[in-house]
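Every number in this note's numbering is 4 more than the matching position in the sequence shown, counting from 1.
Idealized CB from N, CA, C, for every residue including glycine.
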Amino acid sequence: MALELDDDDRALVARVLAKHGTKPVLWKDYLPQEEATLEALVRHKARIVALEERLTLLEQQKAAPGCRWEGVYRPEHRYSAGSLVTDQGSLWLCTRTTDARPPSPDHVLIVKRGQVAE
Numbered sequence: 005m006a007l008e009l010d011d012d013d014r015a016l017v018a019r020v021l022a023k024h025g026t027k028p029v030l031w032k033d034y035l036p037q038e039e040a041t042l043e044a045l046v047r048h049k050a051r052i053v054a055l056e057e058r059l060t061l062l063e064q065q066k067a068a069p070g071c072r073w074e075g076v077y078r079p080e081h082r083y084s085a086g087s088l089v090t091d092q093g094s095l096w097l098c099t100r101t102t103d104a105r106p107p108s109p110d111h112v113l114i115v116k117r118g119q120v121a122e
């Protein structure tokens, strides 16, 4: 994702480049003078914080905490990621918190129903 600059941000960048060229710049030296830039930095920081929170949530959903046997599917029960349930002879793994009956987008088929072993 590219960083989006508004007109105030672009104007500040142009002033800094005109004064310093490509030499390193301490942006904090410009903040007291540039309220618009401070507001832009606050907005960008808020976006970064929101994206970090979203990333943490996605990582938590992806990494199931471990498999737990929950028995036969019960419609009144809420299953979390990593729950193993059976339904109509098949074994299913819940990939996220759900109360949906397998098969659903919240489940992965582990063992398909087959014939009874002798």
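- Pairing Tyr-77 with Cys-98 gives a Cβ-Cβ distance that is not under 8 Å.
- Taking C-alpha positions only, Leu-21 is separated from Asp-13 by approximately 12 Å.
- For Ser-94, the closest alpha carbon among the candidates Pro-106, Ser-87, Leu-61 and Glu-57 is that of Pro-106.
- The criterion of a C-beta distance shorter than 8 Å is satisfied by Asp-103 and His-81.
- Rounded to the nearest whole angstrom, the C-alpha separation of Gly-86 and Val-112 is 10 Å.
- Residue state for Asp-91 is assigned as strand, using DSSP reduced to three classes.
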